[in-house]
Amino acid sequence: MPQPTPRSITLGDFELTVFSDGTYFLDGGNFFGVVPKVLWEKKMKPDERNRVAVGLNSLLIRDGKHTVLVETGIGNKLDPRMAKIFAPQAKLMDSLAAAQVAPEDIDVVINTHLHFDHCGWNTLRQGDHVTATFPKAQYYVQEGEWRHGSQQHERDRVSYLSENYDPLIQAGKMHLLQGDQELLPGISVKVYPGHTRHMQAVMLKSQGKRACYISDLIPTTAHLDLTWVMAFDLFPLETIESRKRVYEHALPEKWLMIFTHDPVTPWAYLESPEPGKIVAVPV
Ligand SMILES: [Zn+2]
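All residue numbers for the sequence shown refer to this note's numbering, where the first residue is 149 and numbers rise by one.
Set out below in structure tokens:
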């Protein structure tokens, strides 16, 4: 049996906690792209419909002054057709409440990108209008990501549900970033193209220690190999280049990596036991 991973970690001045919105289903072939099933099914067991149960890990960061939430899962607004396909569990708000974290406590929400499984709890539907789930929070995403979602391109428009973000932009609560930026002391965003062109990772630095919420650039510990790229990725060659840039620093600087979609191992350190091979070392 895998050991349960601790849910809270101290990283310099930060206290980090992983909260889950539960799991949902993705097609295993979509999740592992060009990787043959005989290889990926050893790492994630598909069900009889070839679906894999995928995690939805949000990261709460506290520095004593601010409370920051990275990613907000799928939420509870999917229409019945999508809810039937993905079977979301919508657990995030209950998980936060169980740890005495109230919606009003969140000062900052960072979305790495705007696919529906990353920003669903940004907003709540109340009657026929949509409001901010976290009433005091400032929300952040890359402007390029929002522009791409707003295009509603044939390839990926199903992933972009505007009620997760447009009402926040209209209310002046969501801020559109242009490139890498520090949002709070030690908390910055860094764009890593590949999954989408403007997906941003969240980088933490405190007292010489570093962590990185890498989002869909490396969705789980099963995707550490440079070539294990999801079929969803719009720019798979750029995913490989971005992963190289991550490993160049993550290995020598011993980054704590946080994996959005890993249902078992939300965080791990990385090691390279031999050239070209990257493994996750549980925390
Ligand atoms: Zn995504």
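From the three backbone atoms N, C-alpha and C, an ideal C-beta is built for every residue, glycine too. Since we're looking at a predicted model, the values are computed, not measured.
Legend entry - Whether F162 touches A201 by CB criterion (8 Å): For F162 and A201, no; Cβs fall outside 8 Å.
Legend entry - Span separating the alpha-carbon of W269 from that of V306: Computed Cα separation, rounded: 17 Å.
Inset, instruction - Run through the region 188 to 276 for me and flag every whole beta strand (DSSP E) of 3 or more residues, listed as ranges in chain order. - result: Within the region 188 to 276, the runs of beta strand (DSSP E) at least 3 residues long that lie entirely inside it are, in chain order, 199 to 210, 215 to 218, 256 to 258 and 271 to 274.
Inset, instruction - Please write down, chain order preserved, every residue whose beta carbon lies under 5 Å from a heavy atom of ligand 1. - result: Result: H263 and D364.
Legend entry - Cutoff 6 Å; reference M372; Cβ partners in own chain excluding five residues on either side: The residue asked about is misnamed: residue 372 is Leu in this sequence, not Met. Setting aside the 5 residues that flank it on each side, L372 is surrounded in the same chain by I426, each with a C-beta closer than 6 Å to its C-beta; the list follows chain order.
Legend entry - Nearest residue (CA-CA) to I362, options V350, L331 and T158: Checked all of V350, L331 and T158; the closest Cα to I362 is V350.
Legend entry - Proximity winner among Q237, D410 and K338, relative to A370 (alpha-carbon distances): Of Q237, D410 and K338, the residue nearest in Cα terms is D410.
Inset, instruction - Can you have a look at T375 and say buried or exposed, based on whether 16 or more other CB atoms are within 10 angstroms of its CB? - result: So T375 counts as exposed.
Legend entry - Beta-carbon contacts of M322 that lie in its chain and below 7 Å, excluding the five residues immediately before and after: Closer than 7 Å at Cβ, skipping near neighbours: Y287, V289, Y313 and L316.
Inset, instruction - Note down the Cα distance separating V216 from A247, rounded to an integer number of angstroms. - result: Approximately 15 Å, taken between the alpha carbons.
Inset, instruction - Would you mind stating whether L204 and I222 have Cβ atoms separated by less than 8 Å? - result: Yes, these two residues count as a Cβ contact at 8 Å.
Inset, instruction - May I have the straight-line CA-CA distance separating W294 from L324, to the nearest angstrom? - result: For W294 and L324, the distance between alpha carbons rounds to 8 Å.
Inset, instruction - Give, in chain order, every unbroken run of the beta strand (DSSP E) that is at least 3 residues long and sits entirely within the region 321 to 352. - result: Fully contained in the region 321 to 352 are the following beta strand (DSSP E) runs of length 3 or more, in chain order: 322 to 325, 329 to 332 and 335 to 339.
Inset, instruction - Verify whether the separation of the beta carbon atoms of K225 and E311 is less than 8 Å. - result: Going by C-beta atoms, K225 is nearer than 8 Å to E311.
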